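Beneath this line is the structure, given in structure tokens, with notes to follow.
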Amino acid sequence: MGKSVERDAGIFAVACLCGIASGMFGIGGGVLLVPLLALLYGFSQHRAQGTSLVALIPPTGVLALIAYAREDFVSWRTGLLLIPGVFLGGIGGGRLAEKLPPERMRQIFAGILFALGTWQAFSAWRR
Amino acid sequence: MTLVILLLGLGVGVLVGLLGIGGGVVLVPAMVYLLGMDQHLAQGTSLFILLPPIGLGALREYWKQGQVDLRAGILCAIGMLVGAYGGSLVALPLASRHLKGLFGCFLVVSAILLWRKPELEDKPVAAKGETAGG
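Put into structure tokens, the structure is as follows:
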């Protein structure tokens, strides 16, 4: 019993951390939540991903969005154009995830993120 | 341009379903580099895209397979709601250039976390990330 409360509290703390990243970087936070659930709480890869999708259903970023919108940092038109594609693509990706080896997919994605991140940090602070 | 944006959405969507992420981590750099947006604007727009339940279709597929921990998911949603507001208060006053650089560092850290294999099974930890076997 106490163990499960401890686990819940831990997961909540991890989620707060992911939320901070979400607001700071304008992302969903799943990219941090998925590996942390797997590494810290022993979720299988598929289960971590499914659980992360649950966390992304409610508008968790709404308070952050309001803060950005107040400063006029939102392109509403681009956003509206992107939403249908992301939704439809998500269904396709979900089907695909059952067929592909998740380990491989994750590592390819991690490789791309690593390269992208290095390049972005470098280009921002070069001068 | 409109077509590029529509296709970008579709491509990011596949990643959402495939990896169980929101997609912002790919959307933000894509909007900065492909659409020439400022870092703050890209982040704000990404938060807007994440507002509707875009992952619902993908979640349904995972649900059918029983790969969802609903309790943990709900806890995470609450935590992220609170955290995200705090994070935005940190990001907004930052210069765009520093925010862009920090975003890059964040991507590198996430990449390392994603790459690491969860050590739940009592397998000896491989020295290199080689998983390609027979």
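Protein chains in written order, with the numbering used here: chain A, 110 to 236; chain B, 30 to 163.
Note that CB positions come from ideal geometry on N, CA and C, so glycine has one too.
The structure presented is a predicted model; accordingly, all values stated were derived computationally and were not measured.
Under DSSP, the alpha helix (DSSP H) around residue i begins and ends at which residues?
i	result
residue 118 of chain B	99 to 120
residue 71 of chain B	68 to 78
residue 196 of chain A	185 to 208
residue 235 of chain A	Counting along the chain, residue 235 of chain A falls outside any alpha helix (DSSP H), and DSSP gives it neither H nor E.
residue 124 of chain B	From DSSP, residue 124 of chain B is part of no alpha helix (DSSP H); its letter is neither H nor E.
residue 175 of chain A	171 to 179
residue 154 of chain A	154 to 165
residue 60 of chain B	53 to 62
residue 151 of chain A	From DSSP, residue 151 of chain A is part of no alpha helix (DSSP H); its letter is neither H nor E.
residue 34 of chain B	31 to 48
Less than 8 Å between the CB atoms is what I'm expecting for residue i and residue j, so what's the real figure, rounded?
i	j	result
residue 42 of chain B	residue 79 of chain B	Between residue 79 of chain B and residue 42 of chain B the Cβ distance is about 12 Å, and since that is not below 8 Å, they are no contact.
residue 83 of chain B	residue 199 of chain A	6 Å
residue 133 of chain B	residue 129 of chain A	Between residue 129 of chain A and residue 133 of chain B the Cβ distance is about 17 Å, and since that is not below 8 Å, they are no contact.
residue 120 of chain B	residue 170 of chain A	Incorrect: roughly 12 Å between the Cβ atoms, too far for contact.
residue 191 of chain A	residue 38 of chain B	4 Å
Please list, in chain order, the chain B residues whose beta carbon lies closer than 7 Å to that of residue i.
i	result
residue 180 of chain A	121
residue 217 of chain A	Simply none; closest approach about 10 Å.
residue 171 of chain A	80
residue 195 of chain A	38, 41, 42, 45, 52, 78, 83
Can you list the residues of chain B that residue i reaches, using a CB-CB cut of under 8 Å?
i	result
residue 207 of chain A	90, 94
residue 143 of chain A	48, 49, 50, 143
Whose Cβ in chain A lies nearer than 7 Å to the Cβ of residue i?
i	result
residue 63 of chain B	Here the premise fails: no neighbours, minimum Cβ distance about 11 Å.
Of the choices the options, whose alpha-carbon is the least far from that of residue i?
i	options	result
residue 171 of chain B	A:203, A:122, A:171, A:132	There is no way to answer for residue 171 of chain B, as the model of chain B reaches only from 30 to 163.
residue 131 of chain B	A:188, A:209, A:228, A:217	A:228
residue 57 of chain B	B:139, B:140, B:129	B:129
residue 212 of chain A	B:143, B:127, B:55	B:143
residue 196 of chain A	B:105, B:44, B:74	B:44
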